[in-house]
Amino acid sequence: MSLFKQLRKEISYLEEAQIAEIYEAFLVAQDAHSGQKRDNGENYLTHPIAVATVLASMHMDHQSIAAALLHDVVEDTAVTKEFITSKFGNTVADLVDGVTKLTQIEFSGSHAETQAESFRKMVLAMSRDIRVILIKLADRLHNMRTIGGVVANKGKRISRETLDIYAPIANRLGMHALCLELETLAFTILYPRRHRILLEAVEKARGNRKEVMATIEKEIKQGIAKSTLPEVTVSGREKNLYSIYRKMSTRHILFAAVMDVYAFRIIVQSIDDCYRMLGIAHSLYKPVPGKFKDYIAIPKANGYQSLHTTLFGLYGVPIEIQIRTKEMDNMANNGIAAHWLYRADDKLTNTAHIRAQQWVNNLLEMQQNTGSSLEFLDNVRVDLFPDEIYVFTPKGHIMELPRGSTVVDFAYAIHTDVGNTCVAARINHKFMPLATVLLNGQTVSIITAPDAKPNPAWLNFVITARARSSIRAYLKDQKYSESVQFGKQLLEQALAEMSMPLQQFDQKAIDALLEETQFKTLDDLYESIGLGKRLAIFTAHQLANAAQPEIKIDDDKNKPLLIRDAEGMAITFAPCCNPIPGDQIVGYFNVGHGLVVHTENCATLEKLRKQRGQYMPVLWADDVTGDFKAVVNVEMANQKGALAQLASAVADAGSNIDDIKMSDTNEDYSLVTIRLVVKNVAHLERVLRHISQVPMVMGVIRKKQ
Ligand code: MN
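FYI, the numbering used here numbers position 663 of the sequence shown as 1491, with every residue one higher than the one before it.
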């Protein structure tokens, strides 16, 4: 009876009749498990009670809690499913049956195919009633919390399974708090030594960070105090050990770099307050460009909503800030389990349920469409770990890489020597070039040549820190003569593409080029190209101009450089006029800055014309891709919800807000400057149309300066 008392306190949010039914379930479980002990010697009944308590802490419905109390009786005792149906009805019996089926699945890590088959069964069990997986997750959480009594081998197997299967599922369902606890417990069991060392390091770092954290917190609070924002909670946030470990091991980031971030969470009253708070944060510290994420307008797949931004704090320390409402915070911690009972009238959680159900339905459809269990598991992995891809070595080892990784990233992930000497790859038995972006599930075999060397051009497409730093290190060590030779080769290639072979130029042209680029000798210039400091294509154009000063730059021998992408090459888009595909553009080459693309009518360009520098004809390629930045000014009425509507209008038009600044012009109107991410001029026009349809918006115009 005393055991039930504990649970009774936790379920006081339920109605009396429901509590009575849970008590009935308790009596059945007590009777069925009597005399049974757990691995740690405790009375077995403590386990189902604890599982029910976990669910009660999430305020789950009474059927889930009754099923939690009964979750092990069919598996371990004489009680049958029929008996449960007769006493508690079909729903509770089906939940217990579903959890029993899940428990019988063994994810033996040794064999990929058995593991895949098990996962397939799990999806089937889950698809009937999503509460099955919530009960199973609570069961796994309690088993992990009490894993101390389990023999070491079994403990490691359960922990591996928790990290591979259950924690990602919890994350996919938005149950962040539960996911974190599962990960931390499993990490402690699987890597006790790494855990201990990391823990010591974090504790040491914590001491040093304390003062900085306190100063930043004080400054943020002072900023809020000057505003009219009601009831704001600011709290410092520490990354959990496992996520620090994961960052270090998969992204190859040093401990100091992971810890050198000061993270805060700010909880406000309304969606509108979120954007106002963002404005306050951006006026306190300078935001880091490109780091702002609006997950309120565009929630994550698991329903997560929040504004994220990174700021340059005192002495340039990065400050990460998350801003959200209380409801969003509850969603962020408990995901699908947040407010389970009130889902009918709560729009926020209701959409979380619909999303979760959609996900499970998709999984189900996927498993019907895929031939083998392994293929199915691959697809699920993409879905559970959206930022990572899994590729195989020829021997079948799995390599985990960030999405977007290329053959060269893969080669360096295997070994620096493999990266330094790679020349091509066989992907699923087909020969592919080094810049090929890898896809999930491919088998990659790297082809090396003994005298091959890293190419500075690789820096344009590799994305892992490891590949980048290895290539840079190699290039730095490269002997002068090698760079000279290599740079000459690159320049010859670039000139050949313009059908102007290097031999064609006389000494006068070369001298003119050297004067233009301010190098003493041609070898110095070659070296600079060979080391990747200058792009060969620009130097080729400069040489062409030096040789024929009388010929205008738009001569057709001097073909315009085609811009195909928002990134890559040493091209930057001028922040003064933010050109996007469709705009008339001009390239301006400046020693030390590379090629900067301006819009043709940019006023900055007018000033630059008088300075030393070189124009270069540029054109958008027909198939230009990527995300471009455009800045717009919006004049809008100061009304509640205005910013939220603005953000969702932008999202509706398929765009994204990259940065937002507000200047209060007067009491009634605000000028909001937003930087948008768009594909081209047509896309921008669509976004502007959407913005102008927001009732509070008085006017919107693209900002060109
Ligand atoms: Mn259990």
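Just so it is clear, CB atoms sit at the ideal spot from N, CA and C, and this is done for glycine as well. Fair warning: this is a prediction, and the values are worked out from it, not measured in the lab.
For PRO1115, which beta-bridge partners are listed by DSSP? In the sequence shown, the residue the question calls residue 1115 occupies position 287. According to DSSP, PRO1115 shares a beta bridge with LEU1139.
Excluding the 5 residues flanking ASP1393 on each side, which residues of the same chain have their C-beta closer than 8 Å to its C-beta? On the sequence shown, position 565 is the one that residue 1393 refers to. Taken in chain order, the residues that qualify are VAL1452, THR1453, GLY1454.
Rounded to the nearest angstrom, what separates ALA1481 and THR1153 at their Cα positions? By 1-based counting over the sequence shown, the position of residue 1481 is 653. By 1-based counting over the sequence shown, the position of residue 1153 is 325. One C-alpha to the other measures close to 25 Å.
What are the boundary residues of the alpha helix (DSSP H) that includes GLY1247? Along the sequence shown, one-based indexing puts residue 1247 at 419. Where GLY1247 is concerned, the enclosing alpha helix (DSSP H) stretches over 1244-1248.
Name the two residues that bound the continuous beta strand (DSSP E) containing ASP1393. By 1-based counting over the sequence shown, the position of residue 1393 is 565. Start and end: 1389-1393.
Could you say which of THR974, ALA1470, GLU852, GLN891 lies nearest to ALA878 if we only look at CA atoms? In the sequence shown, counting from the first residue as 1, residue 878 sits at position 50. Taking only the C-alpha atoms, the option nearest ALA878 is THR974.
State the start and end residues of the unbroken alpha helix (DSSP H) segment that holds MET972. Along the sequence shown, one-based indexing puts residue 972 at 144. Residues 959-973.
Distance between SER1483 and ASP1352 (C-alpha atoms, nearest Å): As a working note, residue 1352 is residue 524 in the sequence shown. As a working note, residue 1483 is residue 655 in the sequence shown. If I take the Cα positions, the gap works out to 45 Å.
In this structure, does DSSP put MET1444 in helix, strand or coil? Position 616 of the sequence shown, counted from the start, is the residue given in the question as residue 1444. Three-state result, MET1444: strand.
Closest to THR905 by C-alpha separation, out of ILE893, ASP889, LEU873, GLN891, would be which residue? One-based indexing of the sequence shown puts residue 905 at position 77. Minimum Cα distance to THR905 is reached at LEU873.
When GLN1133, TYR1090, THR1137 are compared against MET1105, the one with the closest alpha-carbon: Taking the sequence shown and counting its residues from 1, one reaches residue 1105 at position 277. Out of GLN1133, TYR1090, THR1137, THR1137 has the C-alpha closest to the C-alpha of MET1105.
Which residues end up in the neighbourhood of ligand 1 when you take C-beta atoms closer than 5 Å to any of its heavy atoms? ASP900, ASP967
From ILE961 to LYS1046, what distance separates their C-alpha atoms? Numbered from 1 along the sequence shown, position 133 holds the residue referred to as residue 961. Numbered from 1 along the sequence shown, position 218 holds the residue referred to as residue 1046. The C-alpha of LYS1046 is placed about 42 Å away from the C-alpha of ILE961.
Ligand 2 and LEU1082: does the residue's C-beta get closer than 6 Å to at least one heavy atom of that ligand? Questions concerning ligand 2 fall outside what the structure shown contains, since the ligands it does hold are ligand 1.
Assuming MET1526 is part of the beta strand (DSSP E), what are its boundary residues? As a first step, residue 1526 must be located in the sequence shown, where it is residue number 698. That run of the beta strand (DSSP E) goes 1525-1530.
Check this for me: beta carbons of LEU897 and ALA853, under 7 Å apart or not? Position 69 of the sequence shown, counting from 1, holds the residue named residue 897. Position 25 of the sequence shown, counting from 1, holds the residue named residue 853. Yes, the pair counts as a contact, with Cβ atoms nearer than the cut-off.
Beta-carbon gap between ALA1295 and ASP1237 smaller than 7 Å: Position 467 of the sequence shown, counted from the start, is the residue given in the question as residue 1295. Position 409 of the sequence shown, counted from the start, is the residue given in the question as residue 1237. A contact, by the Cβ cut-off of 7 Å.
Terminal residues of the continuous alpha helix (DSSP H) containing GLU843? One-based indexing of the sequence shown puts residue 843 at position 15. Taken as a continuous stretch (DSSP letters only), GLU843 belongs to no alpha helix (DSSP H), as it is neither H nor E.
Is there contact here, the stretch 1310-1317 with the stretch 1247-1265, by at least three beta-carbon pairs under 8 Å? The answer is no - the stretch 1247-1265 does not touch the stretch 1310-1317, with fewer than three Cβ pairs under 8 Å.
Give me the Cα-Cα distance between SER1063 and THR919, rounded to the nearest whole angstrom. In the sequence shown, the residue the question calls residue 1063 occupies position 235. In the sequence shown, the residue the question calls residue 919 occupies position 91. Rounded to whole angstroms, SER1063 to THR919 spans 42 Å at the Cα level.
How about the stretch 1052-1059 and the stretch 1144-1153: do they share at least three Cβ pairs that are nearer than 8 Å? no
Which of the three DSSP states is assigned to ALA1014 in this structure? Indexing the sequence shown from 1 puts residue 1014 at position 186. Helix, per DSSP.
Per DSSP, ASN1484 is paired with what? Taking the first residue of the sequence shown as position 1, residue 1484 is located at position 656. ASN1484 pairs with VAL1505.
Taking the alpha carbon of VAL1272 as the reference point, which residue from PHE1220, ALA1322, ILE1488 has its own alpha carbon closest? Along the sequence shown, read from residue 1 onward, the residue named residue 1272 stands at position 444. Checking every option, the nearest Cα to that of VAL1272 belongs to PHE1220.
Can you check DSSP and say which residues form a bridge with CYS1064? Taking the sequence shown and counting its residues from 1, one reaches residue 1064 at position 236. A small fix is needed here, since residue 1064 is Gly in this sequence, not Cys. GLY1064 is bridged by DSSP to PHE1092.
With DSSP as the reference, label GLY1415 as helix, strand or coil. In the sequence shown, the residue the question calls residue 1415 occupies position 587. It is a strand residue.
Starting from ARG1152, follow its DSSP beta bridges and name the residues at the other end. For the purposes of this step, residue 1152 is identified with residue 324 of the sequence shown, where counting begins at 1. For ARG1152, which the question treats as bridged, DSSP gives the partners ILE1095.
Distance, VAL1089 Cα to LEU1303 Cα: As a working note, residue 1303 is residue 475 in the sequence shown. As a working note, residue 1089 is residue 261 in the sequence shown. So the two alpha carbons sit approximately 30 Å from each other.
Just the Cα atoms here: how many angstroms apart are LEU1082 and PHE916? To locate residue 1082, count along the sequence shown from 1; it is residue 254. To locate residue 916, count along the sequence shown from 1; it is residue 88. If I take the Cα positions, the gap works out to 55 Å.
Do LYS1531 and ASN1461 have their CB atoms nearer than 7 Å? For the purposes of this step, residue 1531 is identified with residue 703 of the sequence shown, where counting begins at 1. For the purposes of this step, residue 1461 is identified with residue 633 of the sequence shown, where counting begins at 1. Yes, the Cβ-Cβ distance between LYS1531 and ASN1461 is below 7 Å.
Residue ranges of each beta strand (DSSP E) within the stretch 1023-1074, 3 or longer: 1061-1065
Taking just the CA atoms, how far does SER830 sit from ALA894? In the sequence shown, counting from the first residue as 1, residue 894 sits at position 66. In the sequence shown, counting from the first residue as 1, residue 830 sits at position 2. For ALA894 and SER830, the distance between alpha carbons rounds to 17 Å.
Taking the alpha carbon of LEU1266 as the point to measure from, which residue in PRO1282, VAL1235, ARG1517 has its own alpha carbon closest? The residue labelled residue 1266 in the question sits at position 438 within the sequence shown. Out of PRO1282, VAL1235, ARG1517, VAL1235 has the C-alpha closest to the C-alpha of LEU1266.
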